[in-house]
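Residue numbers (UniProt numbering), protein chains in the order written: chain A, 1 to 216; chain B, 1 to 317.
We put the CB at the ideal spot given by N, CA and C, even for glycine.
Please read all numbers here as calculations on a predicted model, not as lab measurements.
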């Protein structure tokens, strides 16, 4: 989809005033007209940023208020509601997605800071009928109860195993110079950024151990 | 979140110039700043995204140390082979902080500049001299279990939340900066963070719009490296007390504390007693402490954490 030149903003400086007001612009670029109230006195002139994300392998163009978090861009603008908003302050992990191969909290980053980045959400990890091995293991080990934290847990655990393979140590790694091992203790520490209020932790660890133990 | 304008800087000097604009802030990882912006504790009207500047390398210095770019992520720094081998106290401190998702985002410079997690700073219904200079401090006389025991003032008893900075203090790191006029300078980590005094809102010795470009680690110290962090849960929590230590074979060494003051706390003169054990050393480090009833336990905890480090250091590796 081609962005409207009217509010196209350069990559370098998104500060130039535009016709847009302060209200968030919903939907993908080009799909809406800009019609918003004037900014409140004393506030900076509101702008809309044009960005492009590669989400689950697809290029998506967005026109966003710069305040939009990556999480809100995914959920409210791209309608990818698998990523969950739990605390919205980086304390619970429900919003975990994988950006450029690394797990992050999508609630604590702005979408405009990720122009051009590859984002993998739970919708890109697997889908009904074609579950990722980690999703299948969560099912078989009952690694959830209400399921609200599960998309974040699955994204985090997939990226976490990559971190162990890459040799990233953890707080519980005894020897910093030896390759880290996949143990229950390591998994618990490395998954501490994902809270499960139902307390399915032991089953989540079992699911991850099963996937980690698979050859290849 | 209040409205703001946004730009991406191309060079460090350009970022420093852009930051001359009133109410402008640099944003790198954003993990602390955006949290505070959502709560309207931070209300910048202009954000300068510095993620495109490079500054993401760890390189050897001419004298055998390391230069850490300002934008090196906490995960990369903790996992760097040279850091794990020669500056293990730094790897250990980083890995004791936050969660993997936050470490993947948070940067070296941003970690130094993160703000206190004092609950009264976060609660906008309470007076806080850091948030609103002159408003008063609700923490004093409040729930002080997490708060400072030394170096505090009548205006503020907040602690600095960073683990990384505690290790950098033990290592005598140096912060490198550039100003809007292009001038560069080096700030010893001991001089970088301020005590609260009458101006707790001023947390570092950085000037307005001054931009951190990197952190220098002096040549390796050798010895055994420790970071003991005591907290209310086993992971993903801020320190009640943290002890960073580098202990040599002869029992000499360095000690810095986290969780006790408005900046990483180190008293070099007290380190002379380290070969005689934790008790005299910690008594020297925490000389002048003025804990409350609720946080006096931190003094005992710090001594015992150091004792456990020294016991491990004496044991065969």
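- Looking at B:229, B:36, B:24, the one whose alpha-carbon comes closest to that of residue 123 of chain B is B:36.
- By the Cβ rule, the region 106-121 of chain B does not count as touching the region 263-278 of chain B, because fewer than three pairs are nearer than 8 Å.
- Between residue 93 of chain A and chain B, the shortest Cβ-Cβ separation is below 9 Å.
- Think of a sphere of 9 Å around the beta carbon of residue 53 of chain B: no beta carbon from chain A falls inside it, the nearest being about 13 Å out.
- Residue 91 of chain B: member of the alpha helix (DSSP H) spanning 88-96, first to last residue.
- Between residue 202 of chain A and chain B, the shortest Cβ-Cβ separation is not below 9 Å.
- For the region 76-109 of chain B, the set of residues with a beta-carbon nearer than 7 Å to any beta-carbon of chain A comprises 78, 79, 84, 85, 88, 91, 95, 96, 99, 100, 101, 102, 104, 105, in chain order.
- When rounded, the separation of the alpha-carbon atoms in residue 169 of chain B and residue 75 of chain B is 19 Å.
- Contiguous beta strand (DSSP E) elements confined to the region 146-206 of chain B occur at 174-178, 184-188, taking only those with 3 or more residues.
- Just so you know, the alpha carbons of residue 252 of chain B and residue 157 of chain A end up roughly 42 Å apart.
- As computed with DSSP, residue 60 of chain A is found in a beta bridge with A:53.
- Non-local C-beta neighbours of residue 110 of chain A in its own chain, meaning closer than 8 Å and more than five positions away in sequence, comprise 66, 67, 68, 69, 70, ordered along the chain.
- Annotation: residue 124 of chain B has no Cβ neighbours in chain A at a cutoff of 7 Å; minimum Cβ distance is about 14 Å.
- The three-state reading of DSSP puts residue 193 of chain A in coil, since its state is none of H, G, I, E or B.
- By the rule that beta-carbons nearer than 9 Å mark a contact, residue 113 of chain A touches chain B.
- The residues 25, 27, 42, in chain order, have a CB closer than 7 Å to that of residue 33 of chain B in the same chain once the five nearest residues on each side in sequence are set aside.
- Listed by position along chain A, the residues whose Cβ is nearer than 8 Å to that of residue 38 of chain B are 88, 89.
- Contact between the region 81-93 of chain A and the region 186-197 of chain A is present: three or more C-beta pairs spanning the two stretches fall below 8 Å.
- Relative to residue 149 of chain A, the option among A:115, A:180, A:128, A:97 whose CA is nearest is A:97.
- Going by C-alpha positions, residue 58 of chain A is about 27 Å away from residue 53 of chain B.
- Burial is judged here by how many other beta carbons sit within 10 angstroms of a residue's own beta carbon; residue 62 of chain B has fewer than 16 and is exposed.
- Bridge pairing for residue 68 of chain B: B:58, B:215 [DSSP].
- Beyond the five residues adjoining it in sequence on each side, residue 281 of chain B comes within less than 8 Å, by CB distance, of 255, 270, 271, 273, 274, 306 in the same chain, given in chain order.
- Excluding its 5 nearest sequence neighbours in each direction, residue 38 of chain B has C-beta neighbours in its own chain below 6 Å: 1, listed in chain order.
- Counting only residues of its own chain and dropping the five nearest sequence neighbours on each side, residue 95 of chain B has a CB closer than 6 Å to the CB of 78.
- Here the alpha carbons of residue 201 of chain B and residue 137 of chain A stand approximately 49 Å from one another.
- Here residue 91 of chain B is buried: its Cβ has 16 or more other Cβ atoms, across all protein chains shown, within 10 Å.
- Assignment of beta-bridge partners to residue 258 of chain B by DSSP yields B:242.
- Taking 9 Å as the cut-off, the Cβ atoms of residue 97 of chain B and residue 159 of chain B do not count as close.
- With a threshold of 16 other beta carbon atoms within 10 Å, residue 75 of chain A meets it and is buried.
- Contact of residue 54 of chain A with chain B is not assigned, every C-beta pair being separated by 9 Å or more.
- Per DSSP, residue 140 of chain B is not a residue of any alpha helix (DSSP H), being assigned neither H nor E.
- Considering only beta carbons, the part of the region 60-87 of chain A lying closer than 7 Å to chain B consists of 66, 67, in chain order.
- In the DSSP assignment, residue 8 of chain B falls within the beta strand (DSSP E) that extends over 5-8.
- Residue pairing by DSSP places residue 102 of chain A opposite A:99 in a beta bridge.
- Per DSSP, residue 120 of chain A is one residue of the beta strand (DSSP E) stretching across 118-120.
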